[in-house]
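Just so you know, the protein sequences line up as chains D and B, in that order. The opening position of the first sequence corresponds to residue 1 in my numbering, with each subsequent residue numbered one higher. The opening position of the second sequence corresponds to residue 1 in my numbering, with each subsequent residue numbered one higher. This report refers to the structure that appears directly beneath it.
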Amino acid sequence: MSTNIADHVRSSLVRRGRWGIGEILFWLIAAATLYFLPERHLILNEIAIIGLFALSLDLILGYAGIVSLGHAAFFGLGAYTAGILARDGLADPLLGLGAAAIAAAILGFVTSFLVLRGSDLTKLMVTLGVALVLGEIANQASWLTGGADGLQGITMGPILGLFEFDIFGTTAYAYSLTVTFLLFIVARRIVVSPYGLSLRSIRDNPLKARAVGIPVNRRLVAVYTLAAAYAGVAGALLAQTTQFVSLDVLAFHRSADVMLVLVIGGVGYLYGGLIGAIVFKVLQDVISAWTPQYWQFWIGLILVIIVLAGRERLTERVRTLWKGVAGRTAKSPETLPKTSTREV
Amino acid sequence: MRRRTFMRAAGAAAVTLALSGAALAQETVKIGLILPMTGPFASTGRQIEAAARLYMQQQGDTVAGKKIQLIVKDDTGVADVTKRLAQELIVNDKISVMAGFGLTPLALAPAPLATQAKVPAVVMAAATATITEASPFIVRTSFTLPQATVPMAEWAAQNGIKKVVTLVSDYGPGIDAEKAFTGAFTAKGGQVENLRVPLANPDFSPFLQKVADAKPDALFVFVPSGIGAQFMKQFVERGLDKSGVKLIGPGDVTDDDILNGMGDVALGAITTQHYSAAHDSPENKAFVEAFKKANPNMRPNFMAVGGYDGMHLIYEGLKKTNGQGGQALIDAMKGTSWTSPRGPVSIDPQTRDIIQNIYVRKVERVNGELYNVEFATIPNVKDPVKAAKAN
Numbered sequence: 001m002s003t004n005i006a007d008h009v010r011s012s013l014v015r016r017g018r019w020g021i022g023e024i025l026f027w028l029i030a031a032a033t034l035y036f037l038p039e040r041h042l043i044l045n046e047i048a049i050i051g052l053f054a055l056s057l058d059l060i061l062g063y064a065g066i067v068s069l070g071h072a073a074f075f076g077l078g079a080y081t082a083g084i085l086a087r088d089g090l091a092d093p094l095l096g097l098g099a100a101a102i103a104a105a106i107l108g109f110v111t112s113f114l115v116l117r118g119s120d121l122t123k124l125m126v127t128l129g130v131a132l133v134l135g136e137i138a139n140q141a142s143w144l145t146g147g148a149d150g151l152q153g154i155t156m157g158p159i160l161g162l163f164e165f166d167i168f169g170t171t172a173y174a175y176s177l178t179v180t181f182l183l184f185i186v187a188r189r190i191v192v193s194p195y196g197l198s199l200r201s202i203r204d205n206p207l208k209a210r211a212v213g214i215p216v217n218r219r220l221v222a223v224y225t226l227a228a229a230y231a232g233v234a235g236a237l238l239a240q241t242t243q244f245v246s247l248d249v250l251a252f253h254r255s256a257d258v259m260l261v262l263v264i265g266g267v268g269y270l271y272g273g274l275i276g277a278i279v280f281k282v283l284q285d286v287i288s289a290w291t292p293q294y295w296q297f298w299i300g301l302i303l304v305i306i307v308l309a310g311r312e313r314l315t316e317r318v319r320t321l322w323k324g325v326a327g328r329t330a331k332s333p334e335t336l337p338k339t340s341t342r343e344v
Numbered sequence: 001m002r003r004r005t006f007m008r009a010a011g012a013a014a015v016t017l018a019l020s021g022a023a024l025a026q027e028t029v030k031i032g033l034i035l036p037m038t039g040p041f042a043s044t045g046r047q048i049e050a051a052a053r054l055y056m057q058q059q060g061d062t063v064a065g066k067k068i069q070l071i072v073k074d075d076t077g078v079a080d081v082t083k084r085l086a087q088e089l090i091v092n093d094k095i096s097v098m099a100g101f102g103l104t105p106l107a108l109a110p111a112p113l114a115t116q117a118k119v120p121a122v123v124m125a126a127a128t129a130t131i132t133e134a135s136p137f138i139v140r141t142s143f144t145l146p147q148a149t150v151p152m153a154e155w156a157a158q159n160g161i162k163k164v165v166t167l168v169s170d171y172g173p174g175i176d177a178e179k180a181f182t183g184a185f186t187a188k189g190g191q192v193e194n195l196r197v198p199l200a201n202p203d204f205s206p207f208l209q210k211v212a213d214a215k216p217d218a219l220f221v222f223v224p225s226g227i228g229a230q231f232m233k234q235f236v237e238r239g240l241d242k243s244g245v246k247l248i249g250p251g252d253v254t255d256d257d258i259l260n261g262m263g264d265v266a267l268g269a270i271t272t273q274h275y276s277a278a279h280d281s282p283e284n285k286a287f288v289e290a291f292k293k294a295n296p297n298m299r300p301n302f303m304a305v306g307g308y309d310g311m312h313l314i315y316e317g318l319k320k321t322n323g324q325g326g327q328a329l330i331d332a333m334k335g336t337s338w339t340s341p342r343g344p345v346s347i348d349p350q351t352r353d354i355i356q357n358i359y360v361r362k363v364e365r366v367n368g369e370l371y372n373v374e375f376a377t378i379p380n381v382k383d384p385v386k387a388a389k390a391n
């Protein structure tokens, strides 16, 4: 009987792990923009980076239920790590990426023990505090970080010794997109693994999870560290592709923006961060070109409408609409506890 | 035979004419104006944009047969956004000049792009001395902090002030101001104590308490444009206005844009700077009047005059070069001199920084409004930091 259930769970996870047509299309279109939207590569680069950053927040918020208002701490640490390495002569981008991931992961590991304590409200305060402390350190240590003037003099070497960063942002975008895609695949694999399943059970009911023998704290420490490394990589990508780091990478509005991006796209859904990043950045770009002074008013209004109309998840609304149009109501048999929406 | 040659020549001439005609009709010169239009430094962006538009309205939007198109972008005061916008403007919009740059980091971030793409960058606001050294394509029409500060130190030393506490925002221009003042003032035998306040979300009260305890003759203040009102409010809350501590500094703290809203506490503050809306010259009277007419409820400040002169410099450069590209344009801008609303100014050919008069001013009530009234002039001041390096 018990093996039977295990088999069910396993086969169900395998089913979830399969790539849907929509997903393949999504990445094909993303790759196609490399050729078809040459004049938009700079903003696409930014979208890919914010998408990755939101994905990293989703790993802890959407899948493990850890609320955070200080995710920029890891983003900023990654950005400064990569930036300072490049300034001091270690110009290889992949080296910087690795160093940023490690530095952010260490910070994530250490701070995770603080975050594990207390309620959601405490977590919000602790994460916020960590980001503020880091921001002030970066401000004070101007010999290292350049302080409020920003980190000057970053020169990046070519990627793998082959591809130079160009002024059109094409190399930068291809680089960011590739890194985001690879890390997305890893995240996707993790989410559909038994480990990912245990995270979700922790999110839904930590007490019960503990009762069935899931090592709750260890799991949370692991995912928090992983998410920190992801955010560090996103920060490093920003530093390397813009070749500039300012204190702003650690600012509160970074943490708030990424939360906003994730909420627009959908929490607990790997594409949520990516879709949110596209919607948010494109809206910002279009509206601020139209009215540089008052774009924040319009974007605020649109965001309220999106969230009201989309409720939990923007894409889910579109999906139900599409199903209504197509008239398909086919149900797939599921053994796992059903949540109303897709998780991958 | 001859006829055929003639026809061929005529045909070629016609084609050339048509082509050049088409080229003339299409040619627009695009100016990318990147400014903080939202966020804490929005007032800087609004002033500069208003002044740039005013200049175009007055001088027309065609220069040397080419149409000028101004593209305004909001960088929200965030340096990596400034850099991306500059890059997009260069790559997609093919701008000939970029301009604006509200704060020092915002001017430094796109500096490598200016060099790489050979697109001149006209800094209309940011005031750290070193900015023009970041790229040979940067030229400045605002001022440098040391340029406005050293005269303040000299004035203070000459007017019986012995002990000063400096209070500056902790970033490039603030540190510049602190160093320039401390250096010049101690050289004259004065005594200085330094305090630095964080740039973002400043809370001045603990620092002002230290000032009150130190009991100096004068408090030297630098805060970025737009933050002065906040400072003044806390200055009064701490009772420093009644303690006999003189308020001195470069003119940013008594910024024309917000000065009138500060109320009587600002009265008597002595500042040194390159521009006051009360500057007594026909050029300035016309400028202030036109600016107020185009933008009701706004008074032009030193940011506006930086934007106005920046546009003038771009126009003059374009007239001289007639579309020969970025290198020619920046070369043409070097050495340009003109009479600005602030007085006579010129661009130093060596440093690409502005040379201008610095005025000593005192806040007074004129026709019911507060103004920085000029009472002494130090003519043709060069940036002291770069001048010291050159010697």
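Using N, Cα and C, we set each Cβ at its ideal position, and we do this for glycine too. This structure is a prediction, so every number in the text was calculated from the model and none was measured.
Exercise. Answer with yes or no whether the minimum CB distance from GLY169 (chain D) to chain B is below 8 Å.
Key: The residue you call residue 169 (chain D) lines up with position 169 of the first sequence. Yes, contact with chain B.
Quiz item: Over what stretch of residues does the beta strand (DSSP E) that includes SER337 (chain B) continue unbroken?
Solution: As a first step, residue 337 (chain B) is located in the second sequence; it is residue number 337 there, counting from the start. It spans 337-340 - the beta strand (DSSP E) in which SER337 (chain B) sits, taken as one unbroken run.
Quiz item: Which partner residues of ASP74 (chain B) appear in the DSSP bridge assignment?
Solution: Here residue 74 (chain B) is taken as the residue at index 74 of the second sequence, counted from 1. Paired residue(s): B:LEU35.
Exercise. Label ASN372 (chain B) either buried or exposed according to how many other C-beta atoms from any shown protein chain fall within 10 Å of its C-beta, with 16 as the threshold for buried.
Key: As a working note, residue 372 (chain B) is residue 372 in the second sequence. Flag for ASN372 (chain B) reads buried.
Quiz item: Below 8 Å between beta carbons: does that hold for ALA117 (chain B) and ILE138 (chain B)?
Solution: As a position in the second sequence, residue 117 (chain B) is number 117, starting the count at 1. As a position in the second sequence, residue 138 (chain B) is number 138, starting the count at 1. No; because the gap between Cβ atoms is not below 8 Å, this pair is not in contact.
Quiz item: Can you round the beta-carbon distance between GLY228 (chain B) and ILE270 (chain B) to whole angstroms, since I take them to be within the 8 Å contact cut?
Solution: As a first step, residue 228 (chain B) must be located in the second sequence, where it is residue number 228. As a first step, residue 270 (chain B) must be located in the second sequence, where it is residue number 270. Their Cβ separation, rounded to whole angstroms, is 14 Å, which puts GLY228 (chain B) and ILE270 (chain B) out of contact at 8 Å.
Quiz item: Is ASN139 (chain D) close to chain B, meaning its C-beta is less than 8 Å from at least one C-beta of that chain?
Solution: As a first step, residue 139 (chain D) is located in the first sequence; it is residue number 139 there, counting from the start. Closer than 8 Å to some Cβ of chain B, the Cβ of ASN139 (chain D) qualifies, so yes.
Quiz item: Quick one: what does DSSP say VAL110 (chain D) is sitting in, helix, strand or coil?
Solution: For the purposes of this step, residue 110 (chain D) is taken as residue 110 along the first sequence, with counting starting at 1. In this structure, VAL110 (chain D) counts as helix in the three-state DSSP scheme.
Quiz item: Do LEU35 (chain B) and THR141 (chain B) have their C-beta atoms within less than 8 Å of each other?
Solution: Taking the second sequence and counting its residues from 1, the one referred to as residue 35 (chain B) is at position 35. Taking the second sequence and counting its residues from 1, the one referred to as residue 141 (chain B) is at position 141. Cβ atoms of LEU35 (chain B) and THR141 (chain B): not closer than 8 Å.
Quiz item: Nearest CA to the CA of ALA50 (chain B): which residue from B:ALA332, B:LYS293, B:GLN147?
Solution: Within the second sequence, numbered from 1, the residue matching residue 50 (chain B) stands at position 50. Of B:ALA332, B:LYS293, B:GLN147, the residue nearest in Cα terms is B:LYS293.
Quiz item: Is GLY20 (chain D) helix, strand or coil by DSSP?
Solution: Looking up residue 20 (chain D) in the first sequence gives position 20. Correct three-state label for GLY20 (chain D): coil.
Self-check item: Beta-carbon gap between LEU238 (chain D) and ALA64 (chain D) smaller than 8 Å
Solution: On the first sequence, position 238 is the one that residue 238 (chain D) refers to. On the first sequence, position 64 is the one that residue 64 (chain D) refers to. No. Outside cutoff.
Quiz item: Under 8 Å between C-beta atoms, does LYS195 (chain B) make it to chain D?
Solution: Translated into the one-based positions of the second sequence, residue 195 (chain B) becomes position 195. Note that residue 195 (chain B) is Leu in the sequence shown here, rather than Lys. Taking Cβ atoms only, chain D never reaches closer than 8 Å to LEU195 (chain B), which makes this a no.
Quiz item: Does any CB atom of chain D fall closer than 8 Å to the CB of ARG84 (chain B)?
Solution: The residue labelled residue 84 (chain B) in the question sits at position 84 within the second sequence. With 8 Å as the cut-off, ARG84 (chain B) counts as an interface residue toward chain D.
Practice problem: May I ask you to list, following chain order, the residues of the stretch 119-153 of chain D that have a beta carbon less than 7 Å from some beta carbon of chain B? | Solution: ASN139, GLY147, ALA148, ASP149, GLY150, GLN152
Quiz item: Of all Cβ atoms in chain D, is any one closer than 8 Å to the Cβ of ASP241 (chain B)?
Solution: As a working note, residue 241 (chain B) is residue 241 in the second sequence. ASP241 (chain B) does not count as touching chain D.
Quiz item: So which residues of chain B does LEU238 (chain D) contact, with C-beta pairs closer than 7 Å?
Solution: Within the first sequence, numbered from 1, the residue matching residue 238 (chain D) stands at position 238. Correct list: ASP80.
Self-check item: Option in B:THR166, B:THR128, B:LYS233 with minimal Cα separation from GLN191 (chain B)
Solution: Against the second sequence, residue 191 (chain B) aligns to sequence position 191. When only C-alpha atoms are compared, the closest one is B:THR166.
Quiz item: Considering only C-alpha positions, which residue in the set D:VAL261, D:TRP295, D:ALA227 is nearest to GLY276 (chain D)?
Solution: Counted from its first residue, the first sequence places residue 276 (chain D) at position 276. Closest by alpha carbon: D:VAL261.
Quiz item: Does ALA109 (chain B) come within less than 8 Å of chain D when only Cβ atoms are used?
Solution: On the second sequence, position 109 is the one that residue 109 (chain B) refers to. With 8 Å as the cut-off, ALA109 (chain B) counts as an interface residue toward chain D.
Exercise. Count the other CB atoms, across all protein chains shown, that sit within 10 Å of the CB of SER340 (chain D); report buried if there are 16 or more and exposed otherwise.
Key: Within the first sequence, numbered from 1, the residue matching residue 340 (chain D) stands at position 340. Note on SER340 (chain D): pLDDT 47, under 50, position unreliable in the model; no value is reported.
Quiz item: Going by C-alpha distance, which of D:ILE299, D:LEU182, D:PHE36 is nearest LEU52 (chain D)?
Solution: For the purposes of this step, residue 52 (chain D) is taken as the residue at position 52 of the first sequence. Measuring from the Cα of LEU52 (chain D), the nearest candidate turns out to be D:LEU182.
Practice problem: Could you tell me which chain D residues have their CB closer than 7 Å to the CB of ASN297 (chain B), listed as they occur along the chain? | Solution: The count along the second sequence starts at 1 and reaches residue 297 (chain B) at position 297. What ASN297 (chain B) touches in chain D: nothing, since even the nearest Cβ is about 15 Å away.
Quiz item: From ARG361 (chain B) to THR272 (chain B), what distance separates their C-alpha atoms?
Solution: Along the second sequence, read from residue 1 onward, the residue named residue 361 (chain B) stands at position 361. Along the second sequence, read from residue 1 onward, the residue named residue 272 (chain B) stands at position 272. Cα-Cα distance, rounded: 6 Å.
Quiz item: Are any of the Cβ atoms in chain D nearer than 8 Å to that of ALA117 (chain B)?
Solution: If you number the second sequence from 1, residue 117 (chain B) lands on position 117. At least one chain D Cβ lies under 8 Å of ALA117 (chain B).
Quiz prompt | Expected contact under 8 Å - CB spacing of ILE29 (chain D) and ALA234 (chain D) to nearest Å | solution = If you number the first sequence from 1, residue 29 (chain D) lands on position 29. If you number the first sequence from 1, residue 234 (chain D) lands on position 234. Going by Cβ atoms, the distance from ILE29 (chain D) to ALA234 (chain D) rounds to 21 Å, so no, they are not a contact pair.
Quiz item: Touching or not, the stretch 114-131 of chain B and the stretch 305-321 of chain B, by the rule of three or more beta carbon pairs under 8 Å?
Solution: yes
Self-check item: Between the CA atoms of LEU247 (chain B) and ILE43 (chain D) - distance to the nearest angstrom
Solution: Within the first sequence, numbered from 1, the residue matching residue 43 (chain D) stands at position 43. Within the second sequence, numbered from 1, the residue matching residue 247 (chain B) stands at position 247. Cα-Cα distance, rounded: 46 Å.
Practice problem: Run through the stretch 128-214 of chain D for me and flag every whole alpha helix (DSSP H) of 4 or more residues, listed as ranges in chain order. | Solution: 142-145, 170-191, 194-204, 206-211
Quiz item: Would you say THR104 (chain B) reaches chain D, if we count a Cβ-Cβ gap shorter than 8 Å as a contact?
Solution: Translated into positions along the second sequence, residue 104 (chain B) becomes position 104. Answer yes: the Cβ-Cβ gap between THR104 (chain B) and chain D drops below 8 Å somewhere.
Quiz prompt | Under 9 Å by beta carbon: chain D residues contacting LYS73 (chain B) | solution = Start at 1 with the first residue of the second sequence, and residue 73 (chain B) comes out as number 73. What LYS73 (chain B) touches in chain D: SER288, ALA289, PRO292.
Quiz item: If SER169 (chain B) and PRO202 (chain B) are in contact, beta carbons under 8 Å, what's the gap, nearest whole angstrom?
Solution: Taking the second sequence and counting its residues from 1, the one referred to as residue 169 (chain B) is at position 169. Taking the second sequence and counting its residues from 1, the one referred to as residue 202 (chain B) is at position 202. Between PRO202 (chain B) and SER169 (chain B) the Cβ distance is about 7 Å, and since that is below 8 Å, they are a contact.
Practice problem: Using a Cβ cut-off of 8 Å (strictly closer), state whether GLU88 (chain B) contacts chain D. | Solution: Here the question's residue 88 (chain B) lines up with position 88 in the second sequence. Cβ-Cβ to chain D under 8 Å: yes for GLU88 (chain B).
Exercise. Quick one: using the 10 Å Cβ neighbour count with 16 as the cut-off for buried, is GLU178 (chain B) buried or exposed?
Key: For the purposes of this step, residue 178 (chain B) is identified with residue 178 of the second sequence, where counting begins at 1. The residue is buried, with at least 16 neighbouring Cβ atoms inside 10 Å.
Practice problem: Tell me whether the beta-carbon of ASP61 (chain B) lies closer than 8 Å to the beta-carbon of ILE71 (chain B). | Solution: As a working note, residue 61 (chain B) is residue 61 in the second sequence. As a working note, residue 71 (chain B) is residue 71 in the second sequence. No; because the gap between Cβ atoms is not below 8 Å, this pair is not in contact.
Quiz item: Can you tell which of B:LYS319, B:ASN260, B:PHE291 has its C-alpha closest to the C-alpha of ARG365 (chain B)?
Solution: Within the second sequence, numbered from 1, the residue matching residue 365 (chain B) stands at position 365. Comparing Cα-Cα distances from ARG365 (chain B) to each of B:LYS319, B:ASN260, B:PHE291, the minimum goes to B:ASN260.
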